[in-house]
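Respectively, the protein sequence lines represent chains A and B.
Each residue of the first sequence is one higher than the last, beginning at 31 in the working numbering.
Each residue of the second sequence is one higher than the last, beginning at 6 in the working numbering.
Positions of the beta carbon are idealized from the N, C-alpha and C atoms, including for glycine.
Given the structure is predicted, the values throughout are model-derived calculations rather than measurements.
See below for the structure under consideration.
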Amino acid sequence: MHIASGFLSPPVWAGAAVVSGGALAASLALARRHMDERRVPLMGVMGAFIFAAQMVNFPVLPGTSGHLGGGFLLGILLGAPLGIIVMASVLAVQALLFQDGGVEALGANIFMMGVMPCLLGAAVRGLWLRPKPGAATYAVTLVLGILAVVAGATGVILLLWLSDSLPHSISLVHALGLMGGIHAGIGVVEGVVSAAVVRFVLTMRREAVLGPLAADYAKGAAP
Amino acid sequence: MTAYNRRTLIVGLAIAVLIAGVVSYFASANPDGLEKAQEELGVAGPAHQAVEVPAVAFQEYNLKWLGEGFWSNAIAGVVGALVVLAILLGVGRLLARGKARTPGASSN
Chain A
31 MHIASGFLSP PVWAGAAVVS GGALAASLAL ARRHMDERRV PLMGVMGAFI
81 FAAQMVNFPV LPGTSGHLGG GFLLGILLGA PLGIIVMASV LAVQALLFQD
131 GGVEALGANI FMMGVMPCLL GAAVRGLWLR PKPGAATYAV TLVLGILAVV
181 AGATGVILLL WLSDSLPHSI SLVHALGLMG GIHAGIGVVE GVVSAAVVRF
231 VLTMRREAVL GPLAADYAKG AAP
Chain B
6 MTAYNRRTLI VGLAIAVLIA GVVSYFASAN PDGLEKAQEE LGVAGPAHQA
56 VEVPAVAFQE YNLKWLGEGF WSNAIAGVVG ALVVLAILLG VGRLLARGKA
106 RTPGASSN
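Structure below.
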């Protein structure tokens, strides 16, 4: 879903860069509060994992593939500020070293695959941190996981439309429907994989996931 | 480094290396959702000035000098994952500086 170079107009990519730059600055400022020495390695390996997972394109429809976004998963495991920092790092390395995603489109890509899905993931983080996440947690995670991908995908189409990069014979609604439809399938995989990875990491490394909240949970005073 | 952190690193990195180095080779080569949508919508190519980033070492997810292949893909994937890891360990360490481990929870 990385927007390649040359598809966004200067006002659009510059605007997106300002928004994502602001979100990244705010994340760095907020991150210290969410930080804990045990979260550093988790942050690092989650970044490496998302980079790796994005290399694995799986078939969705005939002739079409998709890969994990990862922002939604990071929002759940690390919260929005740390998740956004991780996602921005992954996307920057992809754009600068691997020609994956345009350099000038980095702000737009960070917003659609980082800021927005990380915030949606952070919204369900509380459900997962309860002692026994139930069926409702899985259901909400699946639905929001699909939403995160579809919102990012349709957001990309909106940016392309604003950049005058869609043929004029195509209606915006048609383009949004096509892009949203393809990505609904990818979103199902995103939701399921996110839930599975969160479950695995919570089992293995609950304290690193909780971070500074660990003390509250240990006292039984879960927020 | 504590045993807890060392184990997080080793296990996490092993999983990432396995995916980036091995599993990724078997990825679908079909266009991704955005590329497919652009194709179907008849987007011919970039409408604006494209910015070329020089391929320093990698041509997409392959080593520049090796072309496409299992090892080329594996080296590119593992190096990329390690670069991301290194950046984040650096940023994370800066952010965690002066912060002790949260008391109240046990760790091994």
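Continuous alpha helix (DSSP H) stretch holding T171(A): start and end: 165-192
Would you identify the three-state DSSP class for G38(B), choosing helix, strand or coil? helix
Using the rule of at least 16 other Cβ atoms within 10 Å of the residue's Cβ for burial, across every protein chain shown, is L23(B) buried or exposed? exposed
Look at the alpha carbon of A34(B) and the alpha carbon of D246(A), and state the distance between them as a whole number of angstroms. For A34(B) and D246(A), the gap between their C-alpha atoms comes out near 47 Å.
Span separating the alpha-carbon of H64(A) from that of I140(A): 21 Å
Taking 8 Å as the threshold (beta carbon to beta carbon), is I20(B) in contact with chain A? Judged by the 8 Å Cβ criterion, I20(B) is in contact with chain A.
So which of I115(A), L127(A), V173(A) has the shortest CA-CA distance to A153(A)? V173(A)
Is any heavy atom in the ligand MG found nearer than 7 Å to the beta carbon of R68(A)? The model on display carries no ligand, and the ligand MG is accordingly not part of it.
Hey, could you find the ends of the alpha helix (DSSP H) V56(B) is sitting in? Per DSSP, V56(B) belongs to no alpha helix (DSSP H) and is neither H nor E.
Close Cβ partners of P242(A) (< 6 Å) along its chain, the five nearest in sequence each way excluded: Exclusion of the five residues before and after P242(A) leaves D66 as the residues of its chain whose Cβ lies within less than 6 Å of its Cβ.
For M73(A), which residues in chain B fall below 7 Å Cβ to Cβ? In chain order: L93, G97.
Would you say V86(A) reaches chain B, if we count a Cβ-Cβ gap shorter than 8 Å as a contact? yes
Short CB-CB distance (under 8 Å) between A183(A) and chain B: Taking Cβ atoms only, chain B reaches closer than 8 Å to A183(A), which makes this a yes.
Contacts around D194(A), its chain only, beta-carbon distance under 7 Å, and the 5 residues preceding and following it disregarded: S39
For G95(B), which residues of its own chain have a beta-carbon under 8 Å away from its beta-carbon, when the five flanking residues on both sides are left out? none
Where L108(A) and V227(A) are concerned, what is the direct C-alpha to C-alpha distance, given to the nearest angstrom? C-alpha separation (whole angstroms): 13 Å.
First through last residue of the alpha helix (DSSP H) which encompasses E237(A): 236-240
Does F141(A) come out as helix, strand or coil in the three-state DSSP assignment? helix
Is there a Cβ of chain A sitting closer than 8 Å to that of F63(B), yes or no? Chain A contact via Cβ: present.
CA-to-CA distance, Q124(A) to A166(A), given in whole angstroms: 35 Å
The alpha helix (DSSP H) that contains M73(A), what's its start and end? 69-84 is the extent of the alpha helix (DSSP H) around M73(A).
Is it true that the CB of F128(A) sits closer than 8 Å to the CB of F63(B)? yes
With burial defined as no fewer than 16 other Cβ atoms inside 10 Å of the residue's Cβ, what is the status of L202(A): buried or exposed? exposed
What separation, rounded to the nearest whole angstrom, lies between the Cα atoms of P41(A) and L136(A)? 14 Å
Look at the alpha carbon of A52(B) and the alpha carbon of V218(A), and state the distance between them as a whole number of angstroms. 32 Å
Closest Cα partner of T94(A) within the set Q43(B), L90(B), I92(B): The alpha carbon of T94(A) has as its nearest neighbour, out of Q43(B), L90(B), I92(B), the alpha carbon of Q43(B).
If the criterion is Cβ atoms closer than 8 Å, does the pair A25(B) and A86(B) meet it? yes
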